[in-house]
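Notes for the one structure printed next.
Numbering (my numbering), first residue to last: 12 to 402.
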């Protein structure tokens with residue numbers, strides 16, 4: 012049952028308590044109850060029996076019989092919207108707004124609900140126009156939150172920043188993490204447009220908003236390496252370990268390429284093997300394995316993979332271990348190892364790698380903003396291991 016309709020059940024109860032408190036007689040109670048349309052009680056019965064279609068029909072009849080029922084208009088409009096009938100929800104709320112005698116707070120409520128209707132229908136321009144009318148009053152904060160959602164959908168990051176700051180001045184919880192992400196989005200756009208100065212400016216603002224913004228640090232390294240400053244990029248990416256070591260897999264490959272460009276690949280490989288040992292991760296192991304095998308040979312790579320498998324048995328590690336064994340094996344053992352690797356790859360290649368900690372949305376790619384719930388930094392940058400040795 013929709014919670015929006017609990018007030019329909021509360022009305023008779025509240026009326027009864029009021030009657031008792033004021034010592035109304037039974038005749039008065041029966042008189043008041045009799046004044047409610049029969050359709051009202053039929054609608055309540057349908058709601059209790061979880062029959063929303065019939066409830067809608069009954070409440071529409073009530074609204075026709077008694078157009079003054081403002082709260083019922085709101086309940087009906089919300090039910091239409093939740094059922095995806097946004098055109099009917101829009102008409103209900105526009106009908107309310109057309110009433111000259113509508114109280115100010117009820118008018119604001121109707122505007123807010125109308126904005127919700129437009130947003131649900133995907134009419135973002137009309138939703139924005141409606142929400143912008145609610146600059147004060149009880150619904151102003153909710154309207155600003157909805158505007159922030161709209162600007163994020165439209166990827167209008169400057170408006171997103173302004174709205175987030177406005178929300179904070181209105182008493183909302185800190186949005187520093189989100190503001191930093193908006194600046195990072197602008198920095199990424201500047202990088203794509205080959206405007207490193209603007210990218211740096213946006214990243215400075217991101218780190219000012221959130222000094223622990225790993226994404227801003229990673230992008231700062233990207234700006235450095237794009238300008239040929241490999242050493243500066245390495246400094247930035249190594250700083251990720253201090254900010255949040257869970258994000259190291261996102262910079263491992265970048266780091267190794269920077270070290271290679273400086274002719275210091277062995278130093279980079281040493282750093283990665285240290286990280287793999289200190290912060291076990293399938294993704295870190297993948298990168299470290301490739302470079303260790305290339306620089307030091309299959310025996311060193313085999314030792315690395317075997318050590319990690321002993322610490323944390325999983326399919327990703329098993330794939331690398333089989334690969335290392337295959338490099339030195341002879342036929343027919345070599346073919347058998349290749350068959351096992353192929354079976355594991357086929358089993359895991361289409362499985363999701365990352366899971367949103369907020370809504371549970373699973374994806375094969377890492378996202379800074381969840382495609383499911385739109386939350387920022389809700390993905391742990393670690394691959395979800397679907398099958399381990401304990402399964």
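From the three backbone atoms N, C-alpha and C, an ideal C-beta is built for every residue, glycine too.
Remember, it's a predicted structure, so these values are computed and weren't measured experimentally.
Distance CB(residue i)-CB(residue j) smaller than 8 angstroms
i, j, result
"residue 201", "residue 190", "no"
"residue 192", "residue 178", "no"
"residue 248", "residue 265", "yes"
"residue 250", "residue 228", "yes"
"residue 138", "residue 126", "yes"
"residue 97", "residue 131", "yes"
"residue 186", "residue 164", "no"
"residue 255", "residue 225", "yes"
"residue 145", "residue 122", "yes"
"residue 104", "residue 82", "no"
"residue 181", "residue 151", "yes"
Assumed close pair residue i, residue j - CB separation to whole angstroms, cut-off 8 angstroms
i, j, result
"residue 259", "residue 315", "Incorrect: roughly 16 angstroms between the Cβ atoms, too far for contact."
"residue 1", "residue 221", "No statement about residue 1 is possible, as the shown extent of the chain runs from 12 to 402 and does not include it."
Other residues of its chain near residue i: CB distance less than 8 angstroms, five sequence neighbours each side excluded
i, result
"residue 306", "276, 277 and 280"
"residue 106", "84"
"residue 391", "257, 365, 366 and 368"
"residue 287", "295, 296, 299, 315 and 319"
"residue 372", "366, 381, 382, 383 and 384"
"residue 41", "Residue placement at residue 41 is poorly supported in this model, since its pLDDT is 35, which falls under 50; the coordinates still yield a value, given next. There are no such residues."
"residue 108", "118, 121, 122 and 125"
"residue 376", "364 and 365"
"residue 322", "291"
Chain-order list of residues whose beta-carbon lies under 6 angstroms from that of residue i (same chain, five-residue window excluded)
i, result
"residue 133", "none"
"residue 25", "Confidence is the limiting factor: at residue 25 the pLDDT is only 48, short of 50, which leaves the residue's position unreliable, though a coordinate-based value still follows. Correct list: empty, nothing qualifies."
"residue 370", "383 and 384"
"residue 142", "126, 154, 157 and 158"
"residue 273", "241"
"residue 194", "213, 216 and 217"
Other residues of its chain near residue i: CB distance less than 7 angstroms, five sequence neighbours each side excluded
i, result
"residue 379", "192, 226, 387 and 388"
"residue 290", "256 and 259"
"residue 34", "Because the pLDDT at residue 34 is just 41, under 50, the model does not fix this residue reliably, and the value given afterwards should be weighed accordingly. Closer than 7 angstroms at Cβ, skipping near neighbours: no residue."
"residue 149", "116 and 119"
"residue 184", "none"
"residue 92", "100, 127, 128 and 131"
"residue 3", "The structure shown does not extend to residue 3, since the chain is modelled only from 12 through 402, so no value can be given for it."
Candidates the options, of which the one nearest residue i by Cα
i, options, result
"residue 147", "162, 140 and 119", "119"
"residue 94", "108, 80, 109 and 128", "128"
"residue 301", "322, 330 and 141", "330"
"residue 100", "109, 108 and 90", "90"
"residue 270", "246, 173, 230 and 253", "246"
"residue 262", "230, 238, 273 and 272", "230"
"residue 282", "252, 194, 167 and 310", "252"
"residue 102", "88, 317 and 204", "88"
"residue 206", "219, 238 and 321", "238"
Residue i beta carbon near the ligand GTP (any heavy atom closer than 7 angstroms)
i, result
"residue 119", "Absence of the ligand GTP is noted for the structure shown, with no ligands found whatsoever."
Can at least three beta-carbon pairs, one atom from the segment 229 to 245 and one from the segment 200 to 219, be found at a separation below 8 angstroms?
yes
Three or more beta-carbon pairs under 8 angstroms between the segment 190 to 199 and the segment 242 to 258, yes or no?
With a cut-off of 8 angstroms, the segment 242 to 258 and the segment 190 to 199 do not count as touching, because too few Cβ pairs lie within range.
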